[in-house]
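As numbered in UniProt numbering, residues 1 to 119 make up the sequence shown, in order. Beta carbons are placed, not taken as given, at the ideal position from N, Cα and C, and that holds for glycine. Only a predicted model underlies this, so the values are computations on that prediction, with no experimental measurement involved. Take a look at the structure set out below.
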Amino acid sequence: MSTFAIFLVLIIIVCLLLILVIMVQNPKGGGLSSSFGGSGNQVVGGVKKTGDFLDKSTWTLATLLIVLILLSNVSLKGNYSQADSKLLDGNDTEIPETIPEEVPEQVPASTPSPADTIG
């Protein structure tokens, strides 16, 4: 498995986690903490800090996603660092001639299509 494939799997996992964390949050600011009654001063089981945890995890996952994308780009370019073609190396190499030695004198006539005969 190449390093790019490993980065690709990690990027997909981080994207799925980021989607999950964003979907859990409430757009009105309540989020998961308000569903457990965390809108007051209740601190049983650390429910009041759930909003802070979701906010920090969103930023952490987003930063991790950007870093993984940049690293995958570096690993992708690393795979292509060696030139596969002799022409790209810069050496003067002789290009083989691709013209056939014998060229036919007459080109056979093509048969007309039925659309050409309707007129």
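Taking the C-alpha atoms as reference points, what is the distance between residue i and residue j?
i, j, result
"L64", "Q25", "19 Å"
"I19", "F53", "15 Å"
"I6", "I13", "11 Å"
"E105", "T98", "19 Å"
"S72", "D55", "26 Å"
"L8", "I66", "12 Å"
"K49", "C15", "23 Å"
"M23", "L70", "25 Å"
Just to check my reading of the structure: residue i and residue j have Cβ atoms closer than 8 Å, yes? What is that Cβ distance to the nearest angstrom?
i, j, result
"T3", "S75", "4 Å"
"I11", "L68", "5 Å"
Let me check understanding here. Comparing Cα to Cα, which of the options lies closest to residue i?
i, options, result
"V21", "V9, G51, A5, M1", "G51"
"W59", "F7, L17, E102", "L17"
I'd like to confirm something about residue i: is its beta-carbon nearer than 6 Å to some heavy atom of the ligand NAD, or not?
i, result
"S75", "Summarising the ligand content, the structure contains no ligands, and the ligand NAD is consequently not present."
Go ahead and label residue i buried or exposed: buried means 16 or more other beta carbons lie within 10 angstroms of its beta carbon, across all protein chains shown.
i, result
"M1", "exposed"
"E102", "exposed"
Would you say residue i reaches chain C, if we count a Cβ-Cβ gap shorter than 7 Å as a contact?
i, result
"F53", "Note that chain C does not occur in the displayed structure, where there is just one protein chain."
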